[in-house]
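Residue numbers (the working numbering): 7 to 287. Using N, Cα and C, we set each Cβ at its ideal position, and we do this for glycine too. Report on one structure; see the data block that follows.
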């Protein structure tokens, strides 16, 4: 093992993990050029594992290869975040609802442990994010491999943005509240309610993450996904001004969705939702 923790037999994996962690943590900022010569010397590896590590990072949209500069840390693009959440909204809630019958008591225990970790006082954004991933990956583990890998690829794409967003205490509180309600629906094997709550959770997090980065962001793929799911998102302009948007379902038995309001989003059953809503996306 090198002095930087790179194991000789696992040089590619360890080099990839080290550089990836530095990008996500913000040590390597967007636009920074990554010198193969300097990194090879610092990490005490040859250029071959370094090139393979860069190839993996490029596949995850964490670095880009520029003609005149070489490998560069990729910019943080909110449009990419929106696209990933749009895909997850279309796929994940319906998929999770469909596999709830396969969820075991051990799965629920594992989710409970992860949620308890998320609620620990003083938890760091990185620790919170890792526990949050563990929470959702319990159910993803019950999904067909191809679909699970597709969803996890989108989790990877939003990794850097999520880490920054989870540094906000309000975001942590919103996520743990919604995830707690979702866990109870899973415990009761209530696929319909679990689907509504997961749709709310994904949309809430997407809105909070995107708006915290750019309140003037012009939405593209998210409205298309919501329309395909018979979901209306109202009062987005109020959200841009520091308030909350409203979600309404035009399908199924949406009346089973309990009143729920976070910093960014409120269900139409919440008593604080205004009587008149203006469509915004």
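- DSSP, reduced to helix, strand and coil, places residue 75 outside both helices and strands of the structure shown, so it counts as coil.
- For the set 201, 149, 21, 137, the Cα lying nearest the Cα of residue 50 is the one of 21.
- Taking a cut-off of 8 Å for Cβ pairs, the segment 147–154 and the segment 163–175 do not touch, as fewer than three such pairs fall below it.
- Annotated three-state conformation of residue 238 is strand, per DSSP.
- Secondary structure at residue 116: helix, using DSSP grouped into helix, strand and coil.
- Inter-residue distance for residue 63 and residue 255 is about 38 Å (C-alpha atoms, whole angstroms).
- Of the candidates 187, 200, 161, 78, the residue whose Cα lies closest to the Cα of residue 106 is 200.
- DSSP, read as helix, strand or coil, puts residue 39 in strand.
- By the Cβ test, the segment 66–77 is in contact with the segment 32–40, since at least three Cβ pairs between them sit closer than 8 Å.
- Collapsing the DSSP output to three states places residue 268 in coil.
- Annotation for residue 164: no alpha helix (DSSP H) segment contains it, and DSSP assigns it neither H nor E.
- Distance from residue 70 to residue 80 at the Cβ level is roughly 5 Å; contact confirmed, criterion being Cβ atoms closer than 8 Å.
- As DSSP reads the structure, residue 255 sits in a beta bridge with 237.
- Following the DSSP letters along the chain, one finds residue 65 inside the alpha helix (DSSP H) bounded by residues 53–65.
- Judged by DSSP in its simplified three-state form, residue 216 adopts helix.
- By the criterion of a C-beta distance shorter than 6 Å, residue 197 is surrounded in its chain by 103, 106, once the five residues flanking it on both sides are discounted.
- Check the Cα spacing between residue 90 and each of 266, 272, 227, 183: the tightest is with 227.
- The DSSP-derived three-state label of residue 90 is helix.
- Under the three-state reduction of DSSP output, residue 274 falls in the coil class, being neither helix nor strand.
- Residue 209 places its beta carbon less than 9 Å from that of residue 232.
- Residue state for residue 25 is assigned as helix, using DSSP reduced to three classes.
- In the DSSP assignment, residue 192 falls within the unbroken alpha helix (DSSP H) covering 175–193.
- Just so you know, the alpha carbons of residue 173 and residue 269 end up roughly 15 Å apart.
- Residue 72 counts as exposed, since fewer than 16 other beta carbons sit within 10 angstroms of its beta carbon.
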